[in-house]
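Below is one structure; the comments refer to it alone.
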Amino acid sequence: MYSGAAAVATAGPPRRDFISVTLGPEEVVGAGGYNNSKAWRRRSCWRKWKQLSRLQRSVILFLFAFLAVCGVISYTSMGEAWKSLTNKSLDDQRTEQEIPGLKLANPAVLPAPQKADANHGDYPELSLQKQPKPPHIRRGPSNLQIKAPWRDTRLRTRHSTIRAVEEVVQANKEEKTEKSIISWRGAVIEPDQSTEPPSSKIKEPGKPSSVEAEDQKEPVPINERQLAVIEAFRHAWRGYKDFAWGHDELKPLSKSYSEWFGLGLTLIDALDTMWILGLKEEFEEARKWVANDLVFDKNVDVNLFESTIRILGGLLSTYHLSGDSLFLEKAKDIGNRLMPAFKTPSKIPYSDVNIGRGTAHPPRWTSDSTVAEVTSIQLEFRELSRLTGDEKFQKAVDEVMKHVHTLSGKNDGLVPMFINTNSGQFTHLGVYTLGARADSYYEYLLKQWIQGGKKENELLEDYMRAIEGVKKHLLQRSAPKKLTFVGELAHGHFSAKMDHLVCFLPGTLALGAHNGLAADHMKLAEALIETCYQMYAQVETGLSPEIVHFNLHAQKGHKDVEIKPADRHNLLRPETVESLFYMYRFTGDKKYQDWGWEILQNFNKYTRVPTGGYTSINNVQNPSNPEPRDKMESFFLGETLKYMFLLFSDDIDLINLDKYVFNTEAHPLPIWVPA
1 MYSGAAAVAT AGPPRRDFIS VTLGPEEVVG AGGYNNSKAW RRRSCWRKWK
51 QLSRLQRSVI LFLFAFLAVC GVISYTSMGE AWKSLTNKSL DDQRTEQEIP
101 GLKLANPAVL PAPQKADANH GDYPELSLQK QPKPPHIRRG PSNLQIKAPW
151 RDTRLRTRHS TIRAVEEVVQ ANKEEKTEKS IISWRGAVIE PDQSTEPPSS
201 KIKEPGKPSS VEAEDQKEPV PINERQLAVI EAFRHAWRGY KDFAWGHDEL
251 KPLSKSYSEW FGLGLTLIDA LDTMWILGLK EEFEEARKWV ANDLVFDKNV
301 DVNLFESTIR ILGGLLSTYH LSGDSLFLEK AKDIGNRLMP AFKTPSKIPY
351 SDVNIGRGTA HPPRWTSDST VAEVTSIQLE FRELSRLTGD EKFQKAVDEV
401 MKHVHTLSGK NDGLVPMFIN TNSGQFTHLG VYTLGARADS YYEYLLKQWI
451 QGGKKENELL EDYMRAIEGV KKHLLQRSAP KKLTFVGELA HGHFSAKMDH
501 LVCFLPGTLA LGAHNGLAAD HMKLAEALIE TCYQMYAQVE TGLSPEIVHF
551 NLHAQKGHKD VEIKPADRHN LLRPETVESL FYMYRFTGDK KYQDWGWEIL
601 QNFNKYTRVP TGGYTSINNV QNPSNPEPRD KMESFFLGET LKYMFLLFSD
651 DIDLINLDKY VFNTEAHPLP IWVPA
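The UniProt record's numbering puts the first residue of the sequence shown at 1, with every later residue one more than the last.
Structure (structure tokens):
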């Protein structure tokens, strides 16, 4: 084909830089020329390859080798991915065969949960990767989250006996290996006394509220300070059990007891405290006494107010926490026996009732009742009506509130201390205080409004007007620390006297602010709780006296707080600890827990009796000899230690303040919600 081919072949060793080719038309045509055949293309490509320099051919070969290696690597990776997808598709097919109709959403995000055994428990708090336990608890309905009985049920349980609780708790202790201490507080058992987990039954009217799914939260372990409260309670309870069992109050020094009504006040006051603290053995023995020995059919006069807040309130609260109908039956019994107190010309109740004879009367020296006493029984009687369906209880106490709402003699919402049971009018006009004989009137205005679902506007109006009256007439600041305090007004003259009882007010103000009232109520609460703390901190024993007087002007060598000899006793009162609880619950400020811890330590230091119990003292200013009084008030167990325990807890659902309201004796009652 090429005329110069021979010359190229015989040219010798020297290499030429170019090639000259001459083609004749006849040769090309005669030989058939370029016809685009495969053979022709192969020969042409080979010649062009040979025409490339050695460097060019090396580069091309390297590129081909590199591409080949990349291809092998890519093929290997794609092969493994394809194998994985193929296996997963087979697994999904098998899953659909085992559970018809099941479609896995985002199957690659989480591993498929292991198939649960039908007898395994269902802990909603556990992640999907964890095995549910213990194996002896059955799974509940699909639309209800069930928690193990040892877990916190937020105190709204469905038990009907404490013995059933112990059996379930003991069973779980055998399965549980964690060493953290969990508050007992009750367990989840239906009111029909079955030990099976609860079903999604419809609540019957008047029954304690069932545990809602959203309440099923991880329990908060008990901390060291709460354990110290439990130890203090057990020490006090041991003294009561050893020396005053079944009687009203312990006299720890003389190892005896005192009677007021002869109805076991300390025991009943402490029932719900024991439940909240998780003291099931103590609760069980107290329950047996209530079942076998608590009898109201006896010829004895009781104070309407004290028996309502301590006995009726304590029984109702314990019923709601435990679900045990025994306590509701006892509550109905005492409630009915107290009703004769309302048989007065004005419907303002007498102060005293004979619960055996069914008669009532005012004190021997007057026909007056105190305003606080007749207006601080409403939470309990209203709740009794709701549970029993008998309107007479609520009707009686509501009439009292409506009557007081219309009375003259108030001073910008502040009320006098006394009201006459015959005329229904205020007496001893011109004296206004938030201390004894008037204190809980203001507390119950707010708490009734909360209890009833915030619908009773008259109650709210009276409360808001009263707080404005406090600001206008009773607030002052002390010297030198400028402490805000609540004094008293007597016929236009201000007195810098403040009862320890007034220390309920910071907590009440905070509760109102939490429920949507004015924000400045919380600011006032913060100022007042500081004052109440200083009533302890500025005293030699670190314990507050019953009454203090504040200095309005700075004096050299004088503190803000002055104490008169007649006022320097301490009765183990709860009001400051109560407000510390509210303040910590709503603010989360740890200083309130620290203040409460100081108070508990000082109770242990100056009021604890080695043989059991705690005692009131006569002189908070003498650390070397506080002069014990030989009396442990029932409210020390019913209120003070209960609020201590709640204060030291970080569990906001331990008596959730959006679901419960405390009566003035620290017995929690449920807030009403629409059916």
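Note that the Cβ used here is the ideal one computed from N, Cα and C, for glycine as well.
Model, not experiment: these values are computed from the prediction.
- Runs of the alpha helix (DSSP H) lying entirely within the region 302-340 and spanning at least 4 residues, in chain order: 304-307, 313-322 and 325-338.
- Looking only at I419, H667 and I529, the smallest Cα-Cα distance to T318 is reached by H667.
- In this structure, the beta-carbon distance from Q476 to L379 does not fall below 9 angstroms.
- DSSP, reduced to helix, strand and coil, places I222 outside both helices and strands of the structure shown, so it counts as coil.
- Beyond the five residues adjoining it in sequence on each side, I334 comes within less than 8 angstroms, by CB distance, of F296, S307, I311, L312, L315 and I355 in the same chain, given in chain order.
- A distance below 7 angstroms between beta-carbons, with the five flanking residues on each side excluded, links N420 to the following residues of its chain, in chain order: S367, D368 and T427.
- A residue is called buried when at least 16 other Cβ atoms come within 10 angstroms of its Cβ; Q226 meets this threshold and is buried.
- Using a Cβ distance threshold of 9 angstroms, V415 and L489 do not count as a contacting pair.
- Residue range L475 to R477 is occupied by the beta strand (DSSP E) that includes R477.
- If you draw a 10 Å sphere on the C-beta of W49, you find fewer than 16 other C-beta atoms in it, and that means exposed.
- Restricting attention to K591, L338 and Q534, the CA atom closest to the CA of Q394 is found in L338.
- With a cut-off of 8 angstroms on Cβ pairs, the region 647-666 is not in contact with the region 622-630, counting fewer than three such pairs.
- Closest option to H235, judged by alpha-carbon separation, among E546, Q555, V609 and L669: V609.
- Bridge pairing for P565: absent [DSSP].
- Counting only the Cα atoms, T611 lies some 31 angstroms from C532.
- Distance from the CA of I529 to the CA of P362, rounded to the nearest whole angstrom, comes to 36 angstroms.
- In chain order, K559 and V561 place their CB closer than 6 angstroms to the CB of Q538, counting only its own chain and leaving out the 5 sequence neighbours on each side.
- In the three-state reduction of the DSSP assignment, L528 falls in the helix class.
- Spatial neighbours of K642 in its own chain (CB-CB distance under 6 angstroms, excluding positions within 5 residues in sequence) are listed in chain order as T273 and A666.
- Counting along the chain, D368 sits inside the beta strand (DSSP E) bounded by residues D368 to T370.
- If you draw a 10 Å sphere on the C-beta of D462, you find 16 or more other C-beta atoms in it, and that means buried.
- Under the 10 Å beta carbon count, K280 is surrounded by 16 or more other beta carbons and is classified as buried.
- Here the alpha carbon of I563 sits roughly 6 angstroms from the alpha carbon of H549.
- CA-CA distance, I222 to E249, rounds to 29 angstroms.
- When the five nearest sequence neighbours on each side are left out, the beta carbons in the same chain lying within less than 7 angstroms of the beta carbon of L552 are those of Q476, S478, A479 and A496, in order along the chain.
- Take L67, set aside five residues on each side of it, and no residue of its chain has a beta-carbon closer than 6 angstroms to its own.
- Shortest Cα-Cα distance from E456 to any of C503, S440, H405 and L384 involves H405.
- DSSP places I450 inside the alpha helix (DSSP H), whose first and last residues are D439 to Q451.
- By a beta-carbon distance limit of 8 angstroms, L277 contacts F645. Their separation comes to about 6 angstroms.
- Cβ atoms of W237 and E282 come within 8 angstroms of each other, at about 6 angstroms.
- In the structure shown, the three-state DSSP call for T406 is helix.
- Shown here, T427 sits in a strand according to DSSP, grouped into three states.
- Inclusion of E458 and G413 in the CB contact set at 9 angstroms is not warranted, their separation being larger than that value.
- Taken atom to atom, the span from the alpha-carbon of S325 to that of R287 is near 11 angstroms.
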